[in-house]
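Have a look at the structure below before the remarks.
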Amino acid sequence: MKHSISPDIHNAAFNHLNLNYTYIAFDVKENEFRAAVRGLKALGAAGFNVTIPYKQKVVRFLDKLADDAKTIKAVNTVVIDKDRMFGYNTDVLGVIKALMPYKDMLSGCEALILGAGGGASAAALALARLGCNHVTFVSRTPSKARRLASFLRRRLKISVKGFGLSTSNLSAIAKDYNVIINATPVGMWPNSSHSLLKKEQIRSGSVVMDMVYNPPETMLLKEAKLAGAICVSGLDMLIFQAAESFKLWTSLEPPIEVMKSAAIEAIGRFV
Ligand code: NAP
């Protein structure tokens, strides 16, 4: 967890509001995951976040799932309340809130999602809720994209396709879409010079969001800006999803600006 900046974000918010909570990140081995979840419950923790590879695996330990988590069968936030554990997916609201300023452009849109993991499914549900008509997943592993597409087609009630990603097919199709979301780690620090798309492959006036938040302006967003697209940083999503988790754990309004400043300061450590 040495790259997680969630402790910085949440602890800044707890300190700002003088709350007696602390957020600690742990690396948990796969064969210890069950024990880790039980341990948190036994210790009386208020809740926890899970990230890859545990967003699906945690579901079996939970007593109840919120609708978004149920729809995409993935949980990133758990609330522990009187011995019961409730699962939520705040990534979905994180994407919705990050894209909200462009809501009018998203109604009826055709979206391309790069990746077919947990972030990609959260993005697809968010886009469906924002009125998007069609989502295409492209993934390095073609079977993953096809499997995710057929899983979500029935659940999202919009048109969903999935196929394998290659440089040549991406450059041929990317301009057909007016929304593009990167849900792969490509471009993440320290590989900050990488991007799956170049400016020539991005439609002017389209909305391009990168889930990667470190750096806040990724190479993909730099290319998108040059192409005349509207750029949405993964940092916005990160803060909004963290704010939703904070609300679930504390029932208080999150201090968004404090959380964002803490995130920017923490990202500065990596440069
Ligand atoms: P995931 O479940 O592991 O999925 C990652 C996807 O990216 C998979 O489809 C994977 O393909 C693909 N991929 C990995 N490396 C690639 C490469 N070099 N080239 C092309 N495709 C590649 O991960 P996730 O949870 O969806 O997260 C994806 C990214 O979003 C991460 O960078 C994560 O930090 C970010 N994220 C950000 C937020 C936020 O709040 N901003 C929230 C969630 C996730 P294969 O399966 O074929 O390897």
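The numbering of the sequence shown is our numbering, which starts it at 1 and goes up by one. A virtual CB, placed ideally from N, CA and C, is assigned to each residue, including glycine.
Cβ atoms of residue j and residue i: under 8 angstroms apart, would you say?
i: Leu-248; j: Ser-233; result: no
i: Gln-201; j: Ser-171; result: yes
i: Pro-255; j: Ala-13; result: yes
i: Met-85; j: Lys-41; result: yes
i: Ala-183; j: Ala-145; result: no
i: Asp-81; j: Gly-119; result: no
i: Val-78; j: Gly-115; result: no
i: Ala-263; j: Ile-239; result: yes
i: His-194; j: Met-211; result: no
i: Ala-322; j: Tyr-54; result: The shown model of the chain, from 1 to 271, leaves out residue 322, and the question about it has no answer.
i: Ile-158; j: Thr-136; result: no
i: Glu-223; j: Lys-199; result: yes
i: Gln-241; j: Leu-127; result: no
Between the C-alpha atoms of residue i and residue j, what's the straight-line distance to the nearest angstrom?
i: Ala-243; j: Val-95; result: 12 angstroms
i: Val-274; j: Ile-181; result: Limits of the chain in this structure are 1 at one end and 271 at the other, which puts residue 274 out of reach.
i: Glu-217; j: Arg-129; result: 26 angstroms
i: Phe-270; j: Ile-9; result: 15 angstroms
i: Lys-29; j: Leu-226; result: 42 angstroms
i: Val-37; j: Ala-229; result: 42 angstroms
i: Phe-163; j: Ala-111; result: 14 angstroms
i: Pro-190; j: Leu-196; result: 16 angstroms
i: Arg-140; j: Val-258; result: 37 angstroms
i: Cys-132; j: Leu-156; result: 10 angstroms
i: Leu-19; j: Phe-246; result: 11 angstroms
i: Leu-62; j: Ser-251; result: 20 angstroms
i: Leu-235; j: Asn-11; result: 17 angstroms
i: Tyr-21; j: Gly-44; result: 12 angstroms
i: Asn-125; j: Ile-173; result: Here residue 125 turns out to be Leu, not Asn, going by the sequence shown. Cα to Cα, Leu-125 sits roughly 22 angstroms from Ile-173.
i: Lys-103; j: Thr-71; result: 22 angstroms
i: Asn-169; j: Leu-148; result: 19 angstroms
i: Asn-178; j: Asp-83; result: 46 angstroms
i: Leu-17; j: Met-237; result: 22 angstroms
i: Gly-39; j: Ile-52; result: 19 angstroms
i: Ile-24; j: His-3; result: 13 angstroms
i: Lys-64; j: Val-75; result: 11 angstroms
i: Arg-34; j: Val-50; result: 12 angstroms
i: Pro-7; j: Ala-98; result: 21 angstroms
i: His-134; j: Asn-15; result: 43 angstroms
i: Pro-185; j: Ser-121; result: 15 angstroms
i: Val-59; j: Ser-204; result: 40 angstroms
i: Asn-214; j: Arg-154; result: 34 angstroms
i: Cys-109; j: Gln-56; result: 28 angstroms
i: Val-138; j: Leu-152; result: 14 angstroms
i: Cys-231; j: Pro-101; result: 11 angstroms
i: Phe-26; j: Lys-73; result: 23 angstroms
i: Lys-175; j: Glu-32; result: 45 angstroms
What is the residue span of the beta strand (DSSP E) that residue i lies within?
i: Val-179; result: 179-182
i: Val-208; result: 207-210
i: Asp-81; result: 77-81
i: Met-219; result: Where Met-219 is concerned, there is no enclosing beta strand (DSSP E), although the alpha helix (DSSP H) it sits in stretches over 219-226.
i: Gly-87; result: 84-88
Let's see if you can read the secondary structure: which residues bound the alpha helix (DSSP H) around residue i?
i: Gly-47; result: First-last for Gly-47: 47-49, but that is the beta strand (DSSP E), not the alpha helix (DSSP H).
i: Val-258; result: 256-268
i: Phe-26; result: Premise fails: Phe-26 is in no alpha helix (DSSP H) and is neither H nor E.
i: Ile-230; result: Careful: Ile-230 lies outside any alpha helix (DSSP H), inside the beta strand (DSSP E) at 230-232.
i: Val-7; result: The identity of residue 7 in the sequence shown is Pro, whereas the question assumes Val. Here the alpha helix (DSSP H) through Pro-7 covers 6-16.
i: Leu-165; result: Run containing Leu-165: none; DSSP gives neither H nor E here.
Would you verify that the beta carbon of residue i is, or is not, closer than 8 angstroms to some beta carbon of chain D?
i: Ser-192; result: No chain D appears in this structure, which consists of one protein chain only.
Length-filtered (4 minimum) alpha helix (DSSP H) runs lying within the stretch 100-163 = 103-106, 118-129 and 142-156
ask   = Which ranges would you report for the alpha helix (DSSP H) in the stretch 30-73 if only whole runs of at least 4 residues count?
value = Runs of the alpha helix (DSSP H) spanning 4 or more residues and lying entirely within the stretch 30-73 occur at 33-43 and 67-72, in chain order.
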